[in-house]
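Numbering (mature numbering (1 follows the signal peptide of the UniProt record, and there is no 0)), first residue to last: -22 to -1, 1 to 361.
Virtual Cβ for every residue (Gly too), placed ideally from N, Cα, C.
Remember, it's a predicted structure, so these values are computed and weren't measured experimentally.
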């Protein structure tokens, strides 16, 4: 009898350990070692989510499709609804027509992310129907002072098109075709996204009880699952890869775009129009920089970050160009330096991030196999 109980305890312990292991599995880090090449998109594609989710995307759960597109719904504790591209772009444009999800602790997101730790975000907090947030990181340096807020009224009731336009010299965020933010590589202090990236779009519970305190606060508080379901509606997705080829390879571990090689193609550092964007004569968007006490955490938030979804208007800066007015961020002393004190290997909470398409597939297969082993172990323990 004692032997049987010990087997049961061991089986439970093994299953719990295996679940944690499968959740924290990450793909090869190209800044640390030689990694397999990334599958290149190498062209432009458009996805109509009222019809299908193409094979070159993978979803974390079944996404219901209808006349208004795909419904990314969170029904219960621990669930999330996301799609992620299996392909990568090496500079490019992502356009998503969507409505964000309401709900305390719920976060809707568009993320362009690389295995090197580069990341560009557009995010919406479920308790804030009036603003969108933007952010960007490089090489796993989550500088949360780069987070900004943008006027985006009725984002939960109205379909809008959100754009991230990224090349080697600048990143542009747009809402319905209007520029709300522009950041340049020259002003990034060396921390600028510039490696092959996949796209992930989804709805996740930033206010899940198991997340760090800072992430929960940034997400608007703990999720009240009694008010579920929480749905983000995505009508369509357009992705343009500015580079060409079949695969992208890292020639070294620098994370510099000039070290990326395009197999059967070429890396194009600028957008087809040369990166010149005609800004509106006057934007209707107020851009607010985030102070040290109001950090935007996002999917890759630092575990110790204290976050808030309340913007500070004290440090708003608007720069004027010959073509119009473009809101820009205010650099904070020491935050844009390549020698940032933030740890290089700061990791995302494993239950608050999405993996690459290949990693998701491997994780699902791994969890299925582990589930079978756990069931078998439990049955043997009862004998």
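Check: residue 142 lies in the beta strand (DSSP E); which residues open and close that run?
Finding: That run of the beta strand (DSSP E) goes 138 to 144.
Same chain, Cβ closer than 6 angstroms to residue 4, five either side skipped, listed in chain order: Note that residue 4 scores 49 on pLDDT, short of 50, meaning its location in the model is unreliable and no value can be drawn from it.
### Message
Within a Cβ cutoff of 7 angstroms, which residues of the same chain sit near residue 335, ignoring the five residues on either side of it in sequence?
### Response
Reliability fails at residue 335, whose pLDDT of 38 lies under 50, so the model's placement of it is uncertain and the value that follows must be treated cautiously. Closer than 7 angstroms at the Cβ level, and outside the excluded window around residue 335, lie 36, 62, 63, 64, 176.
Point to revise | Pair within 8 angstroms by beta-carbon distance, residue 50 and residue 209 | key: For the pair residue 50 and residue 209, the CB atoms are nearer than the 8 angstroms cut-off.
(request) Can you grab the Cα-Cα spacing for the pair residue 6 / residue 46, in whole Å? (result) Taking the straight line from one Cα to the other gives about 37 angstroms.
### Message
Measuring CB atoms only, is the stretch 13 to 22 touching the stretch 198 to 212, in the sense that at least three cross pairs come out at less than 8 angstroms?
### Response
The stretch 13 to 22, when compared against the stretch 198 to 212, does not touch it at the 8 angstroms Cβ threshold.
Q: Quickly, what does DSSP pair residue 16 with across the bridge? List them, please.
A: Within the DSSP bridge table, the entry for residue 16 names 226 as partners.
Note to self: I'd like the list of long-range same chain contacts for residue 48, defined as Cβ closer than 6 angstroms, with 5 residues on each side in sequence excluded.
What the structure shows: Apart from sequence neighbours up to five positions away, the residues of its chain that approach residue 48 with a beta-carbon distance below 6 angstroms are 27, 41, 212, ordered along the chain.
* **Rounded Cβ spacing between residue 226 and residue 68 (contact assumed at less than 8 angstroms)** => With a beta-carbon spacing of about 5 angstroms, residue 226 and residue 68 fall inside the 8 angstroms limit used to define contacts.
Quiz item: Which one of 150, 115, 186, 180 has the shortest CA to CA distance from residue 167?
Solution: Comparing Cα positions, the closest option is 115.
inquiry  = Taking the straight line between their C-alpha atoms, what separation do you get for residue 135 and residue 78?
reply    = One C-alpha to the other measures close to 8 angstroms.
- Report the three-state DSSP secondary structure of residue 157 (helix, strand or coil). When secondary structure is reduced to three states using DSSP, residue 157 falls in the strand class.
Open item on the list: Looking at the secondary structure, which residues open and close the beta strand (DSSP E) in which residue 35 lies?
Closed with: Under the DSSP assignment, residue 35 falls in the beta strand (DSSP E) whose first and last residues are 35 to 37.
request  = Out of 182, 178, 242, 236, point me to the one whose CA is closest to residue 216's CA.
outcome  = The shortest CA-to-CA distance from residue 216 to any of 182, 178, 242, 236 is the one to 178.
Under a three-way DSSP split, which group does residue 86 fall into?
In the displayed model, residue 86 falls within a strand according to three-state DSSP.
### Task
Take residue 52 and list the residues in its own chain whose beta-carbon comes closer than 7 angstroms to its own, dropping the five residues that flank it on each side.
Excluding the 5 residues flanking it on each side, residue 52 has same chain C-beta neighbours closer than 7 angstroms at 58, 59, 84, 181, 183, 206, 207, 208, in chain order.
- Task: Express the C-alpha separation of residue 108 and residue 86 in angstroms, rounding to a whole number.
- Result: Straight-line Cα distance between these residues: approximately 14 angstroms.
Margin query: Just checking: is the beta-carbon of residue 237 within a distance shorter than 8 angstroms of some beta-carbon in chain D?
Written below: As a matter of chain content, chain D is missing from the structure shown, which is built from one protein chain.
Please report how far the alpha carbon of residue 222 lies from the alpha carbon of residue 240, in whole angstroms.
Between residue 222 and residue 240, the C-alpha separation is close to 7 angstroms.
Residue from 249, 158, 73 with nearest C-alpha to residue 111
Here the closest residue by C-alpha is 158.
Would you identify the three-state DSSP class for residue 44, choosing helix, strand or coil?
-> Strand, per DSSP.
Q) Hey, which unbroken runs of the beta strand (DSSP E) at 3 residues or more fall wholly within the stretch 156 to 188? A) Listed in chain order, they are 156 to 162, 176 to 183.
query: With a CB to CB cut of under 7 angstroms and the five nearest residues on each side skipped, what residues in its chain are close to residue 91?
result: Within the same chain, residue 91 has close Cβ partners 97, 175, 176, 178.
Query raised in the report: Per DSSP, residue 209 is paired with what?
Result: Residue 209 pairs with 51.
### Query
What's the gap between the Cα of residue 231 and the Cα of residue 204?
Our two residues, residue 231 and residue 204, have alpha carbons roughly 47 angstroms apart in a direct line.
Burial state of residue 131 (16 or more Cβ within 10 Å): Looking at its Cβ environment, which holds fewer than 16 other Cβ atoms inside 10 Å, residue 131 is exposed.
Three-state class that DSSP yields for residue 199 in the structure shown = In this structure, DSSP gives residue 199 a state outside helix and strand, which the three-state scheme calls coil.
| Can you tell me whether residue 162 is buried or exposed, with buried defined as 16 or more other CB within 10 angstroms of its CB? | Classification for residue 162: exposed.
Requested in this report: Return the residue from the list 173, 185, 23 that minimises the CA-CA distance to residue 369.
Outcome: No statement about residue 369 is possible, as the shown extent of the chain runs from -22 to 361 and does not include it.
| request: Return the chain-ordered list of same chain residues with a C-beta closer than 6 angstroms to the C-beta of residue 34, the five sequence neighbours on each side being excluded. | output: For residue 34, where only same-chain residues beyond five positions count, the Cβ hits under 6 angstroms are 64, 65.
Practice item. Ignore the nearest five residues each way along the sequence and tell me which others in residue 228's own chain have a CB closer than 6 angstroms to its CB. Key: Taking C-beta separations shorter than 6 angstroms and ignoring five residues to either side along the sequence, the partners of residue 228 in its chain run 8, following chain order.
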